[in-house]
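Just so we're on the same page, the working numbering is the position in the sequence shown counted from 1, plus 41. Backbone N, C-alpha and C fix where the C-beta goes; we use that ideal spot for every residue, glycine too. Predicted, not measured: the structure shown is a model, and the values here were computed from it.
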Amino acid sequence: MEKKMTNVENSEYDEDGIPKLEYIQVGEFLLPNLALDKVDGYIGRWGMMRKRYLQEHKPAVYSSMLLMDELNQHLIDIQKNADDRMDVLEEQLLKNDPAPDKAKDGMAWTRHMNQIRHQAEEIVKNEIIFN
């Protein structure tokens, strides 16, 4: 089977303003060459949580971003913003409510730090992810 890249015409748009597509010939068939652009960045916990939220609660926004090839960049931006906000919130919460001495009572220190982290996570979820 021979694969050959062909462009339908030289102009980028047809008379109705619809973008022209590039096609790949596979045997007798012309298949549209559809591929999303690669975006550099990391989509971690927060990005995946945002994606799930959009899919379940805002499917129109999710579909629109996916079709416009904006979804991955949006998820990368959400991941970065959430990570940055977590760092700031943890510092602020720790400044307002200092942790006990780790050397004297390690379990109390661990409990306190976990509580700070959980508070920061809930704030990030409400401010960034579920917004």
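Within the DSSP secondary-structure output, Pro139 pairs in no beta bridge. Here Ile65 carries a strand assignment [DSSP, helix/strand/coil]. For the 7 Å CB-CB criterion, Arg91 and Leu107 do not form a contact.
In this structure, Gln120 sits away from Ile170, with a CB-CB distance that is not shorter than 7 Å. Distance from the CA atom of Arg86 to the CA atom of Tyr94, rounded to whole angstroms, is 12 Å. Residues of the same chain with a CB within less than 6 Å of the CB of Leu130, apart from the 5 flanking positions on each side, are Ala161, Ile164 in chain order. Leu75 carries a coil assignment under DSSP once its states are collapsed to helix, strand and coil. With fewer than 16 other Cβ atoms inside 10 Å of its own Cβ, Tyr54 counts as exposed. The beta carbon of His153 is closer than 8 Å to those of Asp138, Ala140, Pro141 in its chain, skipping five residues each way along the sequence. By the CB criterion at 7 Å, Ile65 and Leu75 fall outside the cutoff.
Straight through space, the alpha carbons of Lys145 and Lys136 are spaced by roughly 20 Å.
Our two residues, His159 and Ala149, have alpha carbons roughly 15 Å apart in a direct line. By the neighbour-count criterion, in which a residue is buried when 16 or more other Cβ atoms sit within 10 angstroms of its Cβ, Leu62 is exposed.
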